[in-house]
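Residue 85 in our numbering is what sits at position 85 of the sequence shown, and the numbering runs on without skipping anything. For every residue, glycine included, the Cβ atom is placed at its ideal position computed from N, Cα and C. Below is one structure, written out as structure tokens; the observations come after it.
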Amino acid sequence: MRNLWRSLYPKLEQLSTTGVYAIAFLLIVLIGWLDYSAGSEIAFSFLYLLPISFVTWYASLRGGYFVIAASLAVWLVTTRLTGEYYHSEWTRYFDLGSRLAVNLLIAFLLNELKLALQLEREMSRRDPLTGIFNSREFRAQLGQELQRADRLSYPISLMYIDLDNFKQVNDTRGHSAGDEQLKRIAQVIGGIIRKTDLFARLGGDEFALFLPNVDRASVKYVVNKVEEAVSREMTALASPVTLSIGVVTFHSPPLSVDDLLNKADALMYRAKTAGKQRAMYFVVE
1 MRNLWRSLYP
11 KLEQLSTTGV
21 YAIAFLLIVL
31 IGWLDYSAGS
41 EIAFSFLYLL
51 PISFVTWYAS
61 LRGGYFVIAA
71 SLAVWLVTTR
81 LTGEYYHSEW
91 TRYFDLGSRL
101 AVNLLIAFLL
111 NELKLALQLE
121 REMSRRDPLT
131 GIFNSREFRA
141 QLGQELQRAD
151 RLSYPISLMY
161 IDLDNFKQVN
171 DTRGHSAGDE
181 QLKRIAQVIG
191 GIIRKTDLFA
201 RLGGDEFALF
211 LPNVDRASVK
221 YVVNKVEEAV
231 SREMTALASP
241 VTLSIGVVTF
251 HSPPLSVDDL
261 LNKADALMYR
271 AKTAGKQRAM
281 YFVVE
């Protein structure tokens, strides 16, 4: 059962809003038919929670409210057609109000749970200090990007960035100042890259920037923009931090994410040993 749900869940996530509503209203009609067929002896009205929960989770809370209204309307019609007995009409509408209150509460709580899970999922993908992708999320998305590059046959480039003299900042100004500079650098770089680029903090003072459909000539332009923007920011902060960057360009996708990262990492260390504050390039045809 668990394996069935794991295989089904991604498909449900990909449903369009129209598809979600279509499934929900088919369920409402089916449950109404079951209620009518069973008469007043067996109640299937609790099953209306299925389409209500389905739309609330996969569409929106407002959609859930709409489905609640539709479900209660079908339930009300069904009780009249089956001749379900109430001592008075007020009793029928009290029952309707009680069902409405319970359904609204369940939809609201389910939506709050969904929002909490979405927030937790987003936080697990982000570096808590800078707000950009963390290493795990970067690797996961990088794997997808490599598959896309292979399918569409375009070049890719990766910048592996290490901050020079960052330990000096921590030692002389304190870790809070170092954290602030990490955040400022992430903001500066994040503000000049494209939406299609992937930017992450790999840990400590190391960052990575993946650039899809960018060849060697284009990546040099990006590197210069990054260096100039960070230099201006660090100068304004009177900081000694500079960048050592390893840049690798693949005209055909690498064998793996590790292959790509390791090559760029090795180039970054060459830049540091060569005197820091520079970029080293390598192209794989």
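Contacting residues, own chain, Cβ-Cβ under 7 Å from residue i (five flanking each side not counted)
i, result
"aspartate 265", "Tyr160 and Gly246"
"threonine 196", "Pro212"
"leucine 76", "Leu96"
"valine 188", "Ala229, Val230 and Glu233"
"serine 135", "Ala200, Leu202 and Gly203"
Among the options, the one whose alpha carbon lies nearest that of residue i
i, options, result
"alanine 279", "Glu227, Tyr36, Leu142 and Leu76", "Glu227"
"arginine 99", "Leu119, Asn111, Val74 and Glu120", "Val74"
"glycine 203", "Val257, Leu182, Tyr221 and Gly190", "Leu182"
"tryptophan 57", "Tyr93, Leu15 and Gly275", "Leu15"
"alanine 274", "Leu243, Asp259, Ser88 and Asn134", "Leu243"
"tyrosine 36", "Ser60, Arg270 and Thr82", "Thr82"
"phenylalanine 166", "Gly39, Pro240, Ala208 and Glu89", "Pro240"
Classification of residue i by the beta-carbon crowding that lies within 10 angstroms, buried from 16 upward
i, result
"aspartate 162", "buried"
"valine 169", "buried"
"tyrosine 21", "buried"
"glycine 19", "exposed"
"asparagine 224", "exposed"
Span of the beta strand (DSSP E), counted from its first residue to its last, around residue i
i, result
"isoleucine 23", "Where isoleucine 23 is concerned, there is no enclosing beta strand (DSSP E), although the alpha helix (DSSP H) it sits in stretches over 17-38."
"proline 212", "206-212"
"aspartate 164", "156-164"
is_contact[residue i, chain B] using C-beta, thresh 8 Å
i, result
"arginine 126", "The chain labelled as chain B is not found in the depicted structure, where only one protein chain is given."
Where the alpha helix (DSSP H) through residue i begins and ends
i, result
"asparagine 221", "Note on identity: in this sequence residue 221 is tyrosine, with asparagine being the wrong assignment. Counting along the chain, the alpha helix (DSSP H) containing tyrosine 221 begins and ends at 216-236."
"leucine 255", "First-last for leucine 255: undefined, no H or E at that position."
Neighbourhood of residue i by C-beta, 8 Å cutoff - its chain only, sequence neighbours within 5 removed
i, result
"glutamate 13", "Tyr58"
"phenylalanine 46", "none"
Cutoff 6 Å; reference residue i; Cβ partners in own chain excluding five residues on either side
i, result
"valine 283", "Arg216 and Thr249"
"isoleucine 156", "Ala149, Pro212 and Phe250"
- Query: Between the region 20-33 and the region 67-82, are three or more C-beta pairs nearer than 8 Å?
  - Reply: yes
Check whether the region 106-113 and the region 40-57 are in contact - that is, three or more C-beta pairs closer than 8 Å. yes
Q | Any 3 or more C-beta pairs closer than 8 Å across the region 133-151 and the region 171-186 | A | no
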